[in-house]
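In what follows, a structure is listed as structure tokens, so that the remarks can point back to it.
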Amino acid sequence: MAKLVDLSHQISVSLVTEGIEDEVDASTVESFGVDLLQSYLFGHPKLLD
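Numbering-wise (numbering that gives the first Met the number 0), the sequence shown opens with residue 0 and increments by one.
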């Protein structure tokens with residue numbers, strides 16, 4: 000995973016990780032330097048108005 004994150008940063012691409020299950024997963028993924036985390040852990044999807 001660390002190599003994928005490094006590569007994405009080298010080519011100026013933001014990396015999003017989906018499906019984070021718990022705080023341990025979130026902490027682990029953040030330690031790799033992922034740009035954004037997406038999960039129900041942080042909030043549910045918003046409806047379009």
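Note that beta-carbon positions come from the ideal geometry of N, C-alpha and C, so glycine has one too.
From a predicted model like this one, the values you see are computed outputs, not experimental measurements.
For Val15, the number of other beta carbons within 10 angstroms of its own is below 16, and it is reported as exposed. Spatial neighbours of Ala1 in its own chain (CB-CB distance under 6 Å, excluding positions within 5 residues in sequence) are listed in chain order as Phe31. The beta-carbon distance between Ser13 and Leu35, rounded to whole angstroms, is 7 Å. This is short enough to meet the 8 Å contact definition. DSSP places Leu40 outside both helix and strand once states are collapsed to three, so it counts as coil. For Val33, no alpha helix (DSSP H) run applies, since DSSP gives it neither H nor E.
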